[in-house]
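> Below: one structure in structure tokens.
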Amino acid sequence: MNINWYPGHMKKTKELIREQLKLVDVVYELLDARIPMSSKNPDIDKIIGNKPKVIVLNKIDLADAKTTVKWVEYFKQNGTTVIPVNTITGEGVKKLIQESQNVIKEKMDALIKKGRKPRPARIMIAGVPNVGKSSLINKLSGRKSTQIGDRPGVTKGKQWIRLKGNMELLDTPGILWPKFEDPEVALSLAFTGAIKDEIMDTETLAYKLLEILWKDHREDIIERYKINEEYDETIEIMDHIGRNRGCILKGNEIDYSRISNIILDEFRSGKIGRISLEHP
Ligand SMILES: Nc1nc2c(ncn2[C@@H]2O[C@H](COP(=O)(O)OP(=O)(O)OP(=O)(O)O)[C@@H](O)[C@H]2O)c(=O)[nH]1
Ligand SMILES: [Mg+2]
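All residue numbers for the sequence shown refer to this note's numbering, where the first residue is 15 and numbers rise by one.
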């Protein structure tokens, strides 16, 4: 991760987001559908307070569809509006806009009641690194998005992007730190590529991922890597895959570095299957 979340940095980020929050009517909390818990910032609800929020479950194309349905139910039960999306294809984005309008309707109605002109509803996107904030901003604004100039009285020249449906989007996403102190969370983030591989060596990372996949998604591994033997040890599976993919060094040694990168890449791009690592 190219962001080091020093305590000072966290404090500054928190303050920045709090400041931006004053400008918006609704917050989109973006989560990775494969790891909704690990990609959730631990302090987000405290920072947001009682500002209306929509949870956006992104990258649904990479997650298991049934598990995503369960996550949607889970968040709904807690009274939160939740919309699953794929910000690359735009699936779910229309629904997100519709739901956002429902969420902010009360506020706009109140303005009208007071005799004030209804104004565009303002949105801010918040999420941990790599969860798809920029992709969502691009999808929401489309190519012909108009940047509207600085609002008077708004600090440090923030830009608003005008959207369809009488909405405006703050062009700077709130980048939040993940709960990386928890080793399980750090692993999930690293598996999905949210934390750069530097936090641990890729061989250990691929080994741990393979261990989990062999336990919980054996069919996917068998199918992808044509494994028919019943292995007990993760290292045997790794060796099999390595040989299968021609990752061999001089002296018939397995090239663990190469095969580890292949396994991680194929998992992250969904080639091994649509896999959710976390379940409600
Ligand atoms: N498969 C898939 N990939 C996605 C989706 N949304 C985003 N991505 C990919 O995820 C990666 C990160 O997306 P960004 O939009 O840059 O994420 P971000 O939250 O802005 O990241 P930072 O600015 O680094 O915090 C990119 O490679 C995107 O192409 C999605 O719905 N499905
Ligand atoms: Mg970005």
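For glycine and all other residues, C-beta sits at the position ideal for the given N, C-alpha and C.
Determine the contact status of Ser-52 and Pro-192, defining contact as a CB-CB distance below 9 Å.
Yes, the Cβ-Cβ distance between Ser-52 and Pro-192 is below 9 Å.
> Under a Cβ-count criterion, where at least 16 other Cβ atoms within 10 Å of its own Cβ denotes burial, should Asp-78 be classed as buried or exposed?
By the neighbour-count rule (16 or more Cβ atoms within 10 Å), Asp-78 is buried.
> Who are Glu-105's beta bridge partners in DSSP?
For Glu-105, which the question treats as bridged, DSSP gives the partners Asn-100.
> Please enumerate, following chain order, all residues with a beta carbon closer than 6 Å to at least one heavy atom belonging to ligand 1.
Result: Asn-72, Lys-73, Asp-75, Leu-76, Asn-100, Thr-101, Ile-102, Gly-141, Pro-143, Asn-144, Val-145, Gly-146, Lys-147, Ser-148, Ser-149 and Ile-189.
> Going by beta-carbon coordinates alone, are Gly-207 and Arg-288 separated by less than 9 Å?
It is not a contact, given that the beta carbons lie outside the stated cut-off.
> So Asp-279 is in the alpha helix (DSSP H); what residue range does that whole segment cover?
From DSSP, the alpha helix (DSSP H) with Asp-279 extends over 270-282.
> Using the three-state DSSP reduction, which class does Trp-174 fall into: helix, strand or coil?
If DSSP states are grouped into helix, strand and coil, Trp-174 belongs with the strands.
> Starting from Ala-135, trace the beta strand (DSSP E) in both directions and tell me its first and last residue.
Per DSSP, Ala-135 belongs to the beta strand (DSSP E) from 135-141.
> Once DSSP output is grouped into helix, strand and coil, what is the label at Tyr-42?
Tyr-42: strand per DSSP, three-state reduction.
> At the level of alpha carbons, what is the spacing between Leu-44 and Asn-266?
For Leu-44 and Asn-266, the distance between alpha carbons rounds to 46 Å.
> Whose CA, out of Asp-39, Lys-26 and His-293, lies closest to the CA of Ile-118?
Among Asp-39, Lys-26 and His-293, the Cα nearest to that of Ile-118 is on Asp-39.
> What is the DSSP secondary structure of Leu-291, counted as helix, strand or coil?
Note: Leu-291 maps to coil in three-state DSSP.
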